[in-house]
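The numbering of the sequence shown is my numbering, which starts it at 162 and goes up by one. Don't be surprised by glycine CBs; every beta carbon is placed ideally from N, CA and C. Keep in mind it's a predicted model, so treat the numbers as computed, not measured. Read the structure below first, then the notes.
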Amino acid sequence: MRAASSHQIIRSIKLRYVVVIALLSLSVGFDVSAVDSYGLKILPFPGTKLAEELPYVENFPDSLSRHQAVQAYLFDLYSMGYLAASFDSLHYATARRTAYLNQGKVYKWAQIDASEVDEGVLSRIGFRAKLYQNKLFNHLQLQGLQESILEYYENNGHPFAVVRLDDVKFDNEKISASLIVNTNRLYLIDSIEIVGDANISPVYLHSYLGIKTGDVYNERLVGEISSRIKELAFLRERKPAQVRFTDKSATLLLNLTGKKASRFTGMIGFLPKSKATSKLIVTGEAQLKLL
Numbered sequence: 162m163r164a165a166s167s168h169q170i171i172r173s174i175k176l177r178y179v180v181v182i183a184l185l186s187l188s189v190g191f192d193v194s195a196v197d198s199y200g201l202k203i204l205p206f207p208g209t210k211l212a213e214e215l216p217y218v219e220n221f222p223d224s225l226s227r228h229q230a231v232q233a234y235l236f237d238l239y240s241m242g243y244l245a246a247s248f249d250s251l252h253y254a255t256a257r258r259t260a261y262l263n264q265g266k267v268y269k270w271a272q273i274d275a276s277e278v279d280e281g282v283l284s285r286i287g288f289r290a291k292l293y294q295n296k297l298f299n300h301l302q303l304q305g306l307q308e309s310i311l312e313y314y315e316n317n318g319h320p321f322a323v324v325r326l327d328d329v330k331f332d333n334e335k336i337s338a339s340l341i342v343n344t345n346r347l348y349l350i351d352s353i354e355i356v357g358d359a360n361i362s363p364v365y366l367h368s369y370l371g372i373k374t375g376d377v378y379n380e381r382l383v384g385e386i387s388s389r390i391k392e393l394a395f396l397r398e399r400k401p402a403q404v405r406f407t408d409k410s411a412t413l414l415l416n417l418t419g420k421k422a423s424r425f426t427g428m429i430g431f432l433p434k435s436k437a438t439s440k441l442i443v444t445g446e447a448q449l450k451l452l
């Protein structure tokens with residue numbers, strides 16, 4: 162998603178874009194009839210054998226729980242490299258289900274080519290190419306890699322970054338792919354706008370929240386706004402903060418209202434402004450009890 166040149170885009174705080182390659186997907190139906198106990202038996206598809214037999218629960222209180230267990234079984238196999246695993250047929254006998262599993266072959270990484278991704282970013286997130294060379298394919302590991310890259314860019318001015326795999330190839334149960342990152346536009350914080358009746362200075366909020374004009378957009382800090390506001394005895398959020406993105410900047414929209422406070426706590430101190438001057442900076446917080 163990119164910010165349109167002629168529109169302002171308002172995006173909720175927790176919006177995230179995580180692009181994960183879905184190599185395979187499966188949908189298995191389930192019944193909703195009222196029965197006291199629901200059984201499950203997983204067997205190899207006729208004419209095949211299971212290279213890996215995973216433990217599973219055989220009795221469930223309802224059909225939904227059983228359905229979820231079947232799906233979880235498949236995802237466990239995917240995480241072990243069995244990307245083609247599927248239940249090729251289901252057999253019902255009253256409240257019992259027999260699921261015939263075609264496990265398929267195990268897939269490994271040949272390599273992930275990350276040469277197009279900034280080396281500094283890869284180093285910061287702990288990427289190691291050898292972890293994707295002749296290792297079992299694990300979709301959770303791949304998802305974690307993509308999310309780590311996205312998180313870095315979201316906290317460094319690129320909230321609309323996209324991570325994807327390109328040039329995906331299968332060769333004798335080995336997978337190779339190229340890792341691609343589209344950072345999209347760099348966003349800077351423009352200002353804080355207060356919506357509501359709270360009588361508080363935006364300058365104070367910039368300082369308190371650690372989000373100042375001209376800073377690069379940082380989703381982690383923006384995501385902490387609600388919890389930080391709750392720590393203030395004299396302010397309350399009427400609804401979660403929002404961000405308005407224009408062509409080049411981001412404006413924080415805080416819907417705040419004042420609340421009565423009978424007590425403030427804290428402390429005050431002095432810090433040198435710099436080594437070259439004797440001037441001091443007053444810092445800290447005060448304690449006040451209102452009667």
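Beta-carbon within less than 8 Å of glycine 375's beta-carbon, same chain only, minus the 5 sequence neighbours each way: which residues are those?
Around glycine 375: Leu349, Ile350.
Considering only residues of the segment 306-365, which uninterrupted beta strand (DSSP E) runs meet the minimum length of 3 residues and lie entirely inside it, listed in chain order?
Counting only runs that start and end inside the segment 306-365, the beta strand (DSSP E) elements of at least 3 residues fall at 323-332, 335-343, 349-356.
From Leu340, Arg325, Met241, residue whose alpha carbon lies closest to that of glutamine 264
Ranked by how close their Cα comes to the Cα of glutamine 264, the residues Leu340, Arg325, Met241 have Met241 in first place.
If you run the structure through DSSP and keep just helix, strand and coil, what is arginine 258?
If DSSP states are grouped into helix, strand and coil, arginine 258 belongs with the strands.
Measure the CB-CB distance between asparagine 345 and valine 323 and report whether it falls below 8 Å.
Yes, they are a contact pair.
Considering only DSSP beta bridges, list what serine 247 is partnered with.
Note: serine 247 sits in a beta bridge opposite Asn263.
Just tell me which of Ser198, Pro222, Ala246 has its CA closest to the CA of tyrosine 261.
Comparing Cα-Cα distances from tyrosine 261 to each of Ser198, Pro222, Ala246, the minimum goes to Ala246.
Quick check: the segment 328-339 against the segment 307-317, are at least 3 beta-carbon pairs closer than 8 Å?
Touching, no.
Taking 8 Å as the cut-off, does the segment 411-423 touch the segment 391-403 (at least 3 CB pairs, one atom from each stretch)?
By the Cβ rule, the segment 391-403 counts as touching the segment 411-423, because three or more pairs are nearer than 8 Å.
How big is the Cα-Cα spacing for leucine 283 and threonine 418?
Approximately 42 Å, taken between the alpha carbons.
Just to confirm, is the Cβ distance from isoleucine 372 to leucine 382 under 8 Å?
The answer is yes: Cβ separation under 8 Å.
Neighbourhood of proline 320 by C-beta, 7 Å cutoff - its chain only, sequence neighbours within 5 removed:
Result list for proline 320: Tyr348, Tyr378, Glu380, in chain order.
Backbone secondary structure at glutamine 294 - three-state DSSP:
In the structure shown, glutamine 294 sits in coil (DSSP, three-state: anything other than H, G, I, E or B).
Run the CB neighbour count on tyrosine 459, radius 10 Å, all protein chains shown included, and call it buried at 16 or more, exposed below.
Nothing in the structure corresponds to residue 459, since the chain is present only between 162 and 452.
Using C-beta distances below 7 Å, list every residue in its chain close to glutamate 398, excluding the 5 sequence neighbours before and after it, in chain order.
Only residues of its own chain outside the window of five on either side were considered, and among them Ser387, Ile390, Asn416, Leu417 have a CB closer than 7 Å to the CB of glutamate 398, listed in chain order.
Rounded to whole angstroms, how far is the Cβ of lysine 237 from the Cβ of leucine 215, which I believe are closer than 8 Å?
At residue 237 the sequence reads aspartate, which differs from the lysine that was named. About 6 Å separates the two Cβ atoms, so the contact holds.
DSSP on glutamate 380, reduced to helix/strand/coil?
Collapsing the DSSP output to three states places glutamate 380 in a helix.
Would you identify the three-state DSSP class for lysine 210, choosing helix, strand or coil?
Here lysine 210 carries a coil assignment [DSSP, helix/strand/coil].
Rounding to the nearest angstrom, what Cα-Cα distance links threonine 407 and serine 368 in this structure?
Threonine 407 and serine 368 have their C-alpha atoms some 23 Å from each other.
Helix, strand or coil for valine 404? Go by DSSP, reduced to three states.
Look at valine 404 here: in three-state DSSP terms it is strand.
With a threshold of 16 other CB atoms inside 10 Å of the CB of alanine 233, please say whether the residue is buried or exposed.
It is exposed - the Cβ of alanine 233 has fewer than 16 other Cβ atoms within 10 Å.
In terms of residue numbering, what span does the alpha helix (DSSP H) encompassing aspartate 237 cover?
Here the alpha helix (DSSP H) through aspartate 237 covers 224-240.
Glutamate 280 to alanine 256 span [Cα, whole Å]
When rounded, the distance between both Cα atoms is 55 Å.
Tell me the rounded alpha-carbon separation between lysine 269 and leucine 201.
For lysine 269 and leucine 201, the distance between alpha carbons rounds to 30 Å.
Under the three-state reduction of DSSP, which class applies to arginine 399: helix, strand or coil?
DSSP places arginine 399 in strand when its eight states are reduced to three.
Of the listed residues Tyr243, Lys420, Pro222, Gln229, nearest to alanine 212 (C-alpha basis):
Nearest C-alpha to alanine 212: Tyr243.
Please state whether DSSP places tyrosine 369 in a helix, a strand or coil.
Tyrosine 369: helix per DSSP, three-state reduction.
Tell me the DSSP bridge mates of isoleucine 203?
By DSSP's assignment, isoleucine 203 forms a beta bridge with Ala260.
Under the rule that 16 or more other beta-carbon atoms within 10 Å means buried, what is tyrosine 365, buried or exposed?
Flag for tyrosine 365 reads exposed.
Just how far apart, CA to CA, sit asparagine 360 and leucine 297?
Distance between the alpha carbons of asparagine 360 and leucine 297: 58 Å.
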